[in-house]
Amino acid sequence: MKKSSIFLLAGIAAAIVALIIFGFPASDFSTYDSIGSAKAKQGKYVHLIAKLDRSQPIEYDAIKNPNYVSFSVVDSLGGQTKVVYHNSKPAELEQSERVVLQGKMQGNVFECKSITLKCPSKYKDDKTQLEKSVTENTAAPANVQQNTTADSAVKKY
Amino acid sequence: MQFEGEHLLPGKIGHFFVLLAFAAAITSTIGYFIASRKTDIQEKKTWLRFARISFLTETVSIFIIFAVIFYICKNHLFEYMYAYKHASKELEAKYLLACIWEGQEGSFLLWTIWHSLLGVLIIWKEKEWEAPVMTVLNIAQFFLLLMLLGLYFGEIRIGSSPFTLTRNEINGPVFSRPDYLSYIKDGVGLNVLLRNYWMVIHPPVLFLGFASTIIPFGFAFGSLLTKRFGDWVKPALPWTLFSLCVLGVGIMMGGKWAYESLSFGGYWAWDPVENASLVPWMILVAGLHTMLIYKATERSLKASYVFVFLTLGFVLYSTFLTRTGVLGDTSVHAFTEKDEIMKLLLKLFMAAFTITPFVLLIRNNKKIHSLQTEEKINSREFWMFIGAIVFFLSALFIIAKTSVPVYNKIFNTNIAPAEDVEFSYNKIMVLVALIIGLLTAVTQYFKYKSTPQNYTLKKIALPTLITAGIAVLLAFFYPLTFYKHGPGFLGALYAALVAAVYAVVANATYIWTGLKGNIKSAGGSITHLGFALMLAGMIISSANKKIISDNSVTGINVPFGKDDKGNQAENPLENLTLLRDLPTRMLNYKLTYTGDSAGHEEGRQFYKIKMVSNDSAEQFELTPDIYLGKNELKSSNPSTKRYLTKDIYTYISSINPVRNQNDTTQFNIKEIGPGDTAYYNNGYLILNGVTKNINNNAAVLDGAVITADITVVSKDGKRFQSSPAIKLDSLNGLYIDDTLYAQNMFLRFSGVAENQKIKIGVKESSTFIDFITLKAYEFPYINLVWLGLVIMAVGLLVSMVKRSKISATLAAAILIALSVAMVYMFFVAGA
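Now the structure itself:
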C-alpha cells in the first residue's frame with residue numbers, strides 16, 4: 064500500500080472518530096417521554112407527545128403579555144400536566160389533534176420551548192380524515208335521505 | 008349502480024397510458040441493455056432502434072398522463088380522487104400546477120417527465136454512451152411508473168394510480184347515491200401553506216436536480232457494464248455540473264421559500280427534509296472534484312465511482328425519508344404515506360440503485376485503473392481530494408443525524424432531537440466551513456501533479472494580504488455579535504467568515520492572475536467565488552440577525568414576562584402586541600398598526616404596519632398577512648422590506664381572537680350643541696360643529712349625509728379628530744360610526760335633539776378592539792446569500808457549456824437566459 068494512502072486512511076479514520084465524539088455527544092439528543100416519565104425527570108429536556116386537554120382553558124392574552132400561553136395536555140397513559148410556553152399562541156392549537164412539546168418539567172408545570180402541532184387538515188393523505196371531511200361537507204344529502212325515508216315511513220301509516 | 012354525471016373517459020385514457028408507459032419502459036430497458044452488450048454494429052443498430060421507439064412511446068405516454076391529470080384538476084372532476092384531494096374551485100389558476108405537484112403521484116410523475124426529457128437529450132447528444140446510460144435511466148423509469156401503476160394482484164395493489172375514483176377510495180354515506188357527485192361541491196384543494204409562487208417553481212427545479220443525478224450515475228454504471236472503466240468521466244462531467252447547478256438552485260429555492268413565506272424566521276433550519284436534499288448535493292460536489300482529479304491526473308477513479316453512485320443512492324434515500332412518514336414528529340414538512348406496498352417499492356428502488364452498482368464495482372475492483380505512485384503534497388489534486396473527503400464526511404454527519412427517526416424505527420429506541428437542533432449541526436458545520444473556505448481559497452494556486460517552488464506563495468500573497476486587511480476591518484467595524492454559545496463558537500464563526508472572505512478574494516484574484524481574465528475557463532473560480540460569498544452571507548445574516556420585536560430590549564411587557572412561578576423565561580420574548588393606531592417603539596423602529604385590508608384571495612387578510620426609523624429617515628409600510636383556509640388552517644405570511652444591505656422582516660404571530668365579534672355594550676347617548684363638551688370615562692369630547700353632505704366616503708354619496716366634527720381629548724392630553732355621520736334617505740337613517748382605536752371608543756351620530764343640539768352616542772369597549780401580535784427581525788447582508796447562489800450557479804453553467812459540445816452562440820444564449828431567470832427569481836419576484 065502507498066504511504067500516502069495509509070496517511071489518508073488514518074486521517075479519515077481520525078476525522079470520523081472525532082465526528083462521532085464531537086458530533087454525536089449524548090447531550091445533543093433527548094428522548095420522547097410520556098407525561099409521567101417526564102415528571103420523574105424534573106428539569107431534563109424531553110419531548111412529550113400529548114393531546115390538548117380541552118376540558119381546561121387555554122390562557123393567552125396578547126395585550127397583557129404576548130409571550131405567555133398556558134394550557135393543559137393529557138397523554139394516552141392518563142398523564143396530565145399544565146404547560147407554559149413563552150411565545151405567542153400557535154394559531155391552530157385549538158384544532159390540533161396531537162402536539163409534540165419540547166421542554167422541561169419544572170415542578171407541576173411543563174416549561175415548553177417549542178411546539179409542533181399535528182393538525183388533521185395537514186394530513187390530506189389520511190383516509191379517515193378525508194372520509195370525515197367528505198361526510199361533513201356532504202352532510203346535507205345524507206340528512207335529506209334520512210328525511211325521505213322518515214317521510215315515506217310516515218306515509219305508510 | 009349507475010352513477011350520474013361522472014366523466015370516466017379521461018381516467019380510462021390516463022390509466023391506459025400509465026400501463027403503456029410502464030410496458031414501454033420494460034421493453035426499452037431490454038432493448039438498450041442488449042444493445043449495450045452487442046459488438047456487431049448491425050445488430051446493435053437494430054436493438055437501438057427498437058429501444059428508441061420504445062422510449063419515445065414511453066415519453067409520449069408520460070406527457071399524455073400529465074395532460075390528463077391537468078385536465079382533471081383544471082375541470083374540477085371531483086369524481087377523481089386526485090382532483091378531489093388537491094384541486095378546488097376557489098383555487099387560483101396560477102396554483103394549478105402546484106396542486107399537481109402537491110400529491111405523491113404528481114411528484115413521481117414530474118420525476119418521470121424530467122427523466123424522459125433528459126433521455127431525449129442523451130439520445131440526441133451522447134451517441135457513444137446512449138445504450139448503457141439509457142438502460143439505467145429506463146430502470147429508474149420502471150420503478151417510478153410502477154409506483155403509479157395502481158394494478159391489483161389479488162388483494163394487493165401495486166402502486167397508486169392518479170386516476171382512481173373518489174367513490175372507490177373513501178367511504179361515506181353520500182356515495183350510496185347515484186347523484187353523489189352533485190353533492191360534492193368542492194375539492195379539498197391545495198393546502199394554504201403551499202399557496203405560494205415558490206410552490207409552483209421550486210418542486211420542478213428540485214426534481215430536475217434529483218432526476219439529473221441519474222445521468223452521471225448512468226455513465227459510471229455503464230462503464231462497469233461495458234468495461235470501459237475510465238472513459239466515462241469526461242463525457243459525464245458536463246452532466247454532473249448541470250446536476251449540481253440545478254440541484255443547488257432547487258435547494259436554495261426551498262430556502263428562499265421558507266424565508267419568504269413559511270415564517271420559520273429564516274431560510275435554513277436543518278430540517279430533515281432540507282438535509283435530505285442537501286446531502287446528495289454535497290456528495291456530488293465531492294464526486295465532481297474527484298472526477299476532475301481523474302481527468303487531469305488519472306487518480307481518484309474509484310472515489311469518483313463511489314461518490315457518483317452514492318449521490319443517487321442518497322437521492323432515493325431522501326425520497327424514502329420524506330415520502331414514507333418515517334420522519335414523523337421531527338419534521339415540519341409532514342408527508343405521510345401509510346401504504347406499506349409503496350414503502351416496499353421505494354425500498355426495492357433504493358436497493359436496486361445502491362447494491363447493484365457496488366457489487367459490480369467490487370467485482371471489477373482489480374481492473375479499475377489506479378496509479379501506484381505517491382501524490383505530492385504540493386499538488387492541486389492532493390488538496391482537492393482532501394476537500395472532497397471533508398465534504399463527503401460532513402454529508403455523512405448530516406445524514407447520520409437526520410436518520411435518527413430511522414434508528415428509532417429499527418431498534419425501537421426513542422431518541423429525540425437536541426434541545427438546540429441548529430446548534431448541534433452548526434458547531435460541526437462551522438469547522439467544515441472554515442476548512443472548505445481555506446481549501447477553496449488556496450487550492451487553485453497549486454498546479455496539478457507538482458507545483459514549482461515559490462509559485463504558490465508568490466501568487467497567493469496579494470489575496471492573503473487583502474483578506475487580512477478585510478479581517479481586521481470586520482473585527483473593528485462590523486464585528487459578529489452572536490454571544491449565545493460563548494466566545495469559542497463566536498471565534499469559530501469569525502474564523503469561518505474570514506476563510507470565506509479569503510476564498511472570495513483568492514478566487515476573484517485568480518481569475519486575473521491565474522487565468523488572465525479568460526472568463527470561458529474561469530467557471531471553477533466563479534463557482535468557488537459564488538459559493539464562498541454565499542457562505543459569508545449565511546454566517547453574517549445568521550450571526551448578526553436582530554430581533555426587532557425583542558421585548559427585553561424595548562422594555563415593554565417585561566413585568567408580565569414572568570410565569571406564575573416567577574421564573575423568567577429562557578426564550579427571548581420575541582412577540583410584540585401592537586394596538587391599532589398606537590405607535591410602539593421597538594429596537595430601532597417605531598411601529599404602528601394602521602389597519603387591515605382583504606386580499607384578492609378569499610380568506611386572506613393583510614395587516615398594515617407603518618415602520619418609522621428612530622431618526623425618521625426611513626419610512627415604509629409592511630403588510631404581513633394571514634391566509635385562512637378551510638378547516639381553520641391558517642398560514643401566516645411574512646412581509647419583508649428589502650434593502651441592499653439588510654432585510655426587515657415581520658410576520659403576524661397572533662391576531663385578536665374576538666375581532667369582528669359583535670360588541671354588546673350599548674351606546675351612551677349625550678345631547679350636545681356646537682361648542683359643548685361631554686365627558687367619557689377616559690377624557691372628554693368637544694363638538695366643533697355639524698356639516699351637511701360632506702363625507703369622504705364614496706359609498707354613501709347618495710342621500711343627505713350629516714357629519715359631526717368632534718375633537719376627543721383623552722386624560723393624558725392626546726387629541727383625536729372624529730367624524731361620525733348619519734345618512735338620511737326617505738325611509739330611515741343609516742349610522743356611519745367612527746372608531747377611535749387608540750381609545751377603544753366608537754362614536755355615533757344618533758340623531759337630532761331639540762335646541763340645535765344633536766345626539767352623540769359614545770360606546771367604550773372594555774376590551775381592546777383591534778390589535779395584532781407580531782415578530783420582527785432584521786437580517787443583515789442576506790442578499791449575499793442569494794447573490795452568491797446565483798454566481799455559483801452561473802459558474803457551474805460556464806464550466807458546463809465549456810465542457811459540452813455546443814456552439815458558442817448557443818452557450819452564451821443559455822447562460823444569459825438562465826442568469827436573467829435566476830436574478831429575476833431571487834431578487835425581483837415575490838418582492
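These protein sequence lines map, in sequence, to chains A and B.
The numbering of the first sequence is the numbering used here, which starts it at 64 and goes up by one.
The numbering of the second sequence is the numbering used here, which starts it at 8 and goes up by one.
Built from N, CA and C at the ideal position, the CB exists for glycine as well.
According to the DSSP assignment, A:F85 belongs to the alpha helix (DSSP H) that extends over K66 to G86.
In the three-state reduction of the DSSP assignment, B:L796 falls in the helix class, which pools H, G and I. Judged by beta-carbon spacing, B:F73 lies beyond the 8 Å limit of B:L153, meaning their Cβ atoms are not closer than that value.
Annotated as distal: B:I406 and B:V212, with beta-carbon spacing of 8 Å or more. Rounded to whole angstroms, the Cβ separation of A:S135 and A:Q119 is 4 Å, and the two are in contact under 8 Å. Within the model, the alpha-carbon separation for A:D124 versus B:L747 is close to 21 Å.
For the C-beta of B:F496, not a single chain A residue is nearer than 9 Å; the gap to the nearest is close to 13 Å. Around the C-beta of B:E426, 16 or more other C-beta atoms lie within 10 Å, and the residue is accordingly described as buried.
Note that the C-beta distance between B:L291 and B:L232 is not below 8 Å.
Non-local C-beta neighbours of B:T584 in its own chain, meaning closer than 7 Å and more than five positions away in sequence, comprise F778 and T780, ordered along the chain. When DSSP states are grouped into helix, strand and coil, A:N171 belongs to the coil group. B:V366 and B:F150 have their alpha carbons spaced roughly 20 Å apart. Near chain A, meaning a CB-to-CB distance below 7 Å, the residues of the region 425-442 of chain B are A425, E426, S431 and I435. The beta carbon of A:E155 sits closer than 8 Å to some beta carbon of chain B.
In summary, the residues of the region 776-810 of chain B whose CB is separated from some CB of chain A by less than 7 Å are F778 and T780, in the order they occur in the chain.
Here A:L193 is not near A:I178, since their CB atoms are 8 Å or more apart. By the Cβ test, the region 300-307 of chain B is not in contact with the region 188-205 of chain B, since fewer than three Cβ pairs between them sit closer than 8 Å.
Taking every protein chain shown into account, the CB of B:T380 has fewer than 16 other CB atoms within 10 angstroms, so this residue is exposed.
Cβ neighbours of B:F24 within its own chain (closer than 6 Å, five residues either side excluded): S68, I71 and I72.
The DSSP-derived three-state label of B:L735 is strand. Proximity of chain B to A:F92 at the Cβ level (cut-off 8 Å) is accounted for by V411, I422, A423, P424 and A425, in chain order.
Contact between B:T630 and B:A783 does not hold, since their C-beta atoms are separated by about 13 Å, which reaches or exceeds 8 Å. The region 500-510 of chain B makes contact with the region 426-444 of chain B: 3 or more CB pairs, one atom from each, lie closer than 8 Å. In this structure, the CA atom of B:I384 is about 17 Å from the CA atom of B:L299. Counting along the chain, B:F57 sits inside no beta strand (DSSP E); it lies in the alpha helix (DSSP H) bounded by residues I48 to K81. B:Y485 is positioned such that its CB atom lies no closer than 8 Å to that of B:T652. Any Cβ of chain A closer than 8 Å to the Cβ of B:F613 would place that residue at the interface, and such an atom is absent. Taken in chain order, the whole beta strand (DSSP E) runs of length 3 or more contained in the region 130-183 of chain B are 158-160 and 163-165. When rounded, the separation of the alpha-carbon atoms in B:V759 and B:T714 is 12 Å. Under a 10 Å Cβ-count criterion, B:H14 is classified as exposed, with fewer than 16 other Cβ atoms of the shown protein chains found around its own Cβ. No Cβ-Cβ contact shorter than 8 Å links B:A293 with B:F160.
For A:I75, the residues of chain B that pass the 8 Å Cβ criterion are I396 and L400, in the order they occur in the chain.
Residues of chain A with a Cβ closer than 8 Å to the Cβ of B:L583 are, in chain order, P129. Counting only runs of 3 or more residues that sit fully inside the region 573-638 of chain B, the beta strand (DSSP E) segments are 583-586, 596-605, 611-620, 626-629 and 632-635, in chain order. One Cα belongs to A:F70, the other to B:G444, and the distance between them is close to 23 Å. A:I98 and A:Q143 do touch by the CB rule: their CB atoms are close to 7 Å apart, below 8 Å.
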